[in-house]
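Each remark here refers to the structure printed beneath this line.
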Amino acid sequence: MEPEEIKKATLLLQKSQQLPVRRGYKYFEPSELKSIKKCRPNTGKQYTKYKLPGQKAMKDKVLGAWLGRCAGCLLGKPVEGVKSSNLWHYLEATGQAPLKGYIKPATEKVASKYNMKHSRLMVPFTARCMPVDDDTNYTVTGFGILKTYGSQFTPENVGKYWLSNIPFLSTCTAERVAYRNMACGIKPPESAVYLNPYREWIGAQIRADFWGYASVGNPELAAEFAWRDACISHIKNGIYGEMWVSAMLAVAPFLDEPSEVIKAGLQQIPARSRLAEAINRLLDLHKTNMKYTEVMADIHKRWDEYNPHHWCHTISNAEIVASALLWGELDFTKSICYAVEACFDTDCNGATVGSIVGMMIGAQNIPSKWTKPLNDTLLTTLIPYPKVSISKLAEETLSIQRTISS
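Here the sequence shown stands for residues 917 to 1322, numbered as in our numbering.
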C-alpha cells in the first residue's frame, strides 16, 4: 500500500473502533474477565472440578493430547490455504476420498492442477518430526510461560515471554500486531486493540491447548489462564475461542461424549455471544440425521473461504472444530480428517481436534500411522525449545499439573 492509503486505512480503523454498538444488538460480548464470568450460562448441567485419575492413566491422556495435536497439525499443514474445491477434487482424483491418512502426494503435475504444492504434500512423509508451525509453537509457549512464571502469571508476563522468546516473524495477524504494540510499549489489554483489525481471528484459539493440559479437572481455571493469554492480542469472540478450547481440554479426560465436552467449554464463555450461538446451533444440528458432508456445505454456505476475514475468523473455524468432534464420534482418524477436509484453517483445526480427541482417548488409542511419522520430535522457533521430545513434554506437563492442583 502507498503511504497515503495506509494513512486512510488507519484513520478508518480508528474511527470504526470508536463507533457505538448498534441499538437492539442481541449479543453481549465483554472482554474483561469479571464481566465474562457474569455472562456465563447459569442453566443446564454444571461441569466444575474433577479429581485427577491415577498417574499412569493421566500420562496416557496428556501424551495423547500432545501427539494428537501434532498429528492433526501435520495433516492440515500441507493444505493450509487450499480451497475446498481443489482439495476435494484432488482427494477424489488420487483415490483418497474420504480422507483416512496423511494426504499422499501425487505427481507435481497433478498437484499443481489443483493448486497444491508437491513439496508441501511430501512433508509428513519426509520430515521425520513435527516441523515448525505456529500452532505447536504456541502450545510450547504456554508450557514455557507456566515454567517461568507459575500459575500466577499475568498478561504482562505473557507479553514479556513473547518478546523474549518468540521471533517476530514467527507470529501472524493479531499476534504480530500485538507483538509490535508491546515492543512499542503498549501494554495489555490496549495491545490487543491498537491498530489491530485481526482481534477476533483464530490466533488466540490456537494458543489454548496448554492451559487446558495444565488445568486438567478445573475448566474454570483453564479458561482464566486462556483469558490472561488471549487478552494481549484479542477481544470478544477472539478471547472466547481460546477460553472455550482450554476448558474443553480440561474436562476431556473425564467425559465420554464430545457433545458433553463442547457444552463444558461453552459454560466458560458468555451465553449471549456469537460464538456460543454458533456452537449451540451445531449441537442442535447434531441431534438430527444430518450427514457431515451436509454440515460442511452448511458452513461453506454461511462463511466464504475466499474472504480472508471469514477464512481466519474464530467462529468459522470453531464451527469446524465442533463439527469434527461431534460427527467424528471419538474416532481419531475420522475426527482430524473431518477437521481438515472442511478446509478453512486446516492445520489449526486439525491440531485442535487432534488435541481434544487425543486427551479423551489417550495415546494408546491413536493409530500408529499418525504418530510414527512424528518420531517423538517437535521443532519450534522458540529460543529455549528449538527441538523437544514430545514424550518429555508430556512428562513435564504432568509435573506442572501436580503443582497447580496441589
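Each residue gets a CB set at the ideal place from its N, CA and C atoms; glycine is no exception.
The structure displayed is predicted, hence computed values, not measured ones.
Problem set entry | Classification of L935 by the beta-carbon crowding that lies within 10 angstroms, buried from 16 upward | exposed
For this session: Would you give the residue range spanned by the beta strand (DSSP E) that T1293 belongs to?
Result: 1293-1295
Exercise. Among K1203, L1201, I1252, which has the Cα closest to the Cα of K993?
Worked result: The residue with the shortest Cα to Cα distance from K993 is I1252.
Exercise. Where do the ends of the alpha helix (DSSP H) carrying K924 lie?
Worked result: It spans 919-934 - the alpha helix (DSSP H) in which K924 sits, taken as one unbroken run.
Problem set entry | Element boundaries [alpha helix (DSSP H), containing K1285] | 1284-1287
Exercise. Can you tell me whether DSSP reads I1219 as helix, strand or coil?
Worked result: The residue asked about is misnamed: residue 1219 is Trp in this sequence, not Ile. In the three-state reduction of the DSSP assignment, W1219 falls in the coil class, being assigned neither a helical nor a strand state.
Exercise. Is it true that the CB of P1021 sits closer than 8 Å to the CB of H1034?
Worked result: yes
Exercise. With respect to the beta strand (DSSP E) encompassing K1303, which residues constitute its N-terminal and C-terminal limits?
Worked result: 1303-1305
Exercise. When you compare each of K965, L1309, P946, D1145 to G980 by their alpha carbons, which one comes out closest?
Worked result: L1309
Exercise. Is P1135 near P969, with beta carbons less than 8 Å apart?
Worked result: Remark: C-beta atoms of P1135 and P969 do not approach each other more closely than 8 Å.
Exercise. Quick one: what's W1117 bridged to in DSSP?
Worked result: H1229
Problem set entry | Any 3 or more C-beta pairs closer than 8 Å across the segment 1215-1235 and the segment 1153-1166 | yes
Problem set entry | Inter-residue Cα distance where the pair is E945 and Y963 | 22 Å
Problem set entry | Pick from K1179, G1181, I1151 that is closest to A947, judged by C-alpha positions | The sequence given here has Ser at residue 947, not Ala. Among K1179, G1181, I1151, the Cα nearest to that of S947 belongs to I1151.
Exercise. For M1206, which of helix, strand or coil comes out of DSSP?
Worked result: coil
Exercise. For E1221, which residues of its own chain have a beta-carbon under 7 Å away from its beta-carbon, when the five flanking residues on both sides are left out?
Worked result: K999, S1000, W1227, C1259, F1260
For this session: Could you tell me which of L1242, E920, W1127, I1061 sits nearest to D1200, measuring between CA atoms?
Result: Of L1242, E920, W1127, I1061, the residue nearest in Cα terms is L1242.
Exercise. Can you tell which of P1014, K931, D1050, Y966 has its C-alpha closest to the C-alpha of M1164?
Worked result: If we check each option's Cα against that of M1164, Y966 comes out closest.
Exercise. So, I1272 versus A1255, is the Cβ gap smaller than 8 Å?
Worked result: no
Exercise. Tell me which same chain residues have a C-beta within less than 7 Å of the C-beta of V1093, skipping the five on either side of it?
Worked result: L1111, N1112, Y1114
Exercise. Are the beta-carbon atoms of A1180 and S1131 separated by less than 8 Å?
Worked result: No, the pair does not count as a contact, with Cβ atoms beyond the cut-off.
Exercise. If we count Cβ pairs, one from each stretch, closer than 8 Å, do we get three or more for the segment 1276-1294 versus the segment 1040-1056?
Worked result: yes
Exercise. Going by C-alpha distance, which of E1106, R985, K977, C1264 is nearest Q1280?
Worked result: K977
Problem set entry | Beta-carbon proximity list for L1298, same chain, < 7 Å, skipping 5 on both sides | N1053, V1056, T1057, G1060, N1081, I1082
Exercise. So R1144 packs on P1071, CB below 8 Å; how close in whole Å?
Worked result: Rounded, the Cβ-Cβ distance is 5 Å, consistent with contact.
Problem set entry | M1038 in three-state terms, based on DSSP | In this structure, M1038 counts as coil in the three-state DSSP scheme.
Problem set entry | Straight-line gap, C902 to D1050 (C-alpha atoms, nearest Å) | In the structure as shown, the chain starts at 917 and stops at 1322, and residue 902 therefore has no counterpart that could be examined.
Problem set entry | Cβ pair I1277, L1314 closer than 8 Å | no
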